[in-house]
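Enquirer: Its first residue numbered 10, the sequence shown is counted upward by one per residue in my numbering. Glycine is no exception: its CB is placed at the ideal position from the N, C-alpha and C atoms. None of the values given here were measured: they were computed from a predicted structure.
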Amino acid sequence: MGNQPTELNRDARPLKLSTWLYHSRAASILWLAVRLWLGYQWINAGYQKIWGSEREAFWFGGGVGVKGFATAGIVGSSAGKGAGASYGWWAGFLHNFVLPNANWIAKLVALGEVAIGIGLILGLFTGLAAAGGILLNLTYMFTGTSGVNPAYLVLELFLVLAWRNAGWLGADYFVMRESWTLRHLGVLMHRVSHPRPVAVPA
């Protein structure tokens, strides 16, 4: 009673914060800082694999870096050590798919890291770029490497949730202004959240 907060008001407080983070234009300044920092980290990682210190292991080395990475994950799984120890199916994937295709996978990883970094810095399809980062981070973590991957993954998850305004101070501002883009995204989201009922034969 009086000035005491009601249950409804208490529930509204986190909702207002999430609305500000994921929908407001002011929060796009915060996401710009996250994008620029994270984008630089991804570009630098890809640069090192193509032109820098890791190029002999990735771009020019027949995928030897990927082979070593995958082999360590398989050994860790067999020995019961490392993040891959509980996932025998992942060790099988590394052995049967990654090792035989390490050459082109190494190049794909390097190019993917650069593309993710460019997308984040430019703010172009920010949600998709962040989702690509999550995919690579999960791949590294499943294989047994932690390092910066958990921190990157958390930031990228926030960027995916904030896809509406994370790229507002970037190329997404122009993309999202187009009525065609907004209209078709709206139709897609409506179909996902409101699937058509299946007709039952009489």
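Going by CA-CA distance only, name the one from GLY156, ALA139, GLY153, PRO159 that's closest to GLY176.
Expert: One-based indexing of the sequence shown puts residue 176 at position 167. Closest option to GLY176, Cα to Cα, is ALA139.
Enquirer: State the DSSP-derived secondary structure class of SER37, mapped to helix, strand or coil.
Expert: Locating residue 37 in the sequence shown gives position 28, counting from the first residue. If DSSP states are grouped into helix, strand and coil, SER37 belongs with the helices.
Enquirer: Taking VAL75 as the reference, which of ASN174, PHE183, LEU145 has the closest Cα?
Expert: In the sequence shown, the residue the question calls residue 75 occupies position 66. Ranking the options by Cα distance to VAL75, first place goes to LEU145.
Enquirer: Going by alpha carbons, who is nearest to HIS104 out of LEU117, GLY121, GLY48, ALA81?
Expert: As a position in the sequence shown, residue 104 is number 95, starting the count at 1. With distances taken between CA atoms, HIS104 lies nearest to ALA81 out of LEU117, GLY121, GLY48, ALA81.
Enquirer: DSSP state of ALA94, grouped into three classes?
Expert: Indexing the sequence shown from 1 puts residue 94 at position 85. With a pLDDT of only 46 at ALA94, under the threshold of 50, the placement of this residue in the model should not be trusted; the figure read from the coordinates follows. The answer is helix: DSSP assigns ALA94 an H, G or I state.
Enquirer: For the alpha helix (DSSP H) containing ARG186, list its first residue and its last residue.
Expert: For the purposes of this step, residue 186 is identified with residue 177 of the sequence shown, where counting begins at 1. From DSSP, the alpha helix (DSSP H) with ARG186 extends over 181 to 186.
Enquirer: Which of the three DSSP states is assigned to PHE67 in this structure?
Expert: Here the question's residue 67 lines up with position 58 in the sequence shown. Coil, per DSSP.
Enquirer: Classify SER27 as helix, strand or coil using the three-state DSSP reduction.
Expert: Taking the sequence shown and counting its residues from 1, the one referred to as residue 27 is at position 18. The answer is helix: DSSP assigns SER27 an H, G or I state.
Enquirer: How is LEU166 classed by DSSP in three states: helix, strand or coil?
Expert: For this step, residue 166 is matched to residue 157 along the sequence shown. Residue state, collapsed to three classes: helix.
Enquirer: Taking all protein chains shown into account, decide if ASN110 is buried (16 or more other Cβ within 10 angstroms of its Cβ) or exposed.
Expert: Along the sequence shown, one-based indexing puts residue 110 at 101. The residue is exposed, with fewer than 16 neighbouring Cβ atoms inside 10 Å.
Enquirer: Count the other CB atoms, across all protein chains shown, that sit within 10 Å of the CB of SER27; report buried if there are 16 or more and exposed otherwise.
Expert: Translated into positions along the sequence shown, residue 27 becomes position 18. The residue in question, SER27, is exposed, as its Cβ has fewer than 16 Cβ neighbours within 10 Å.
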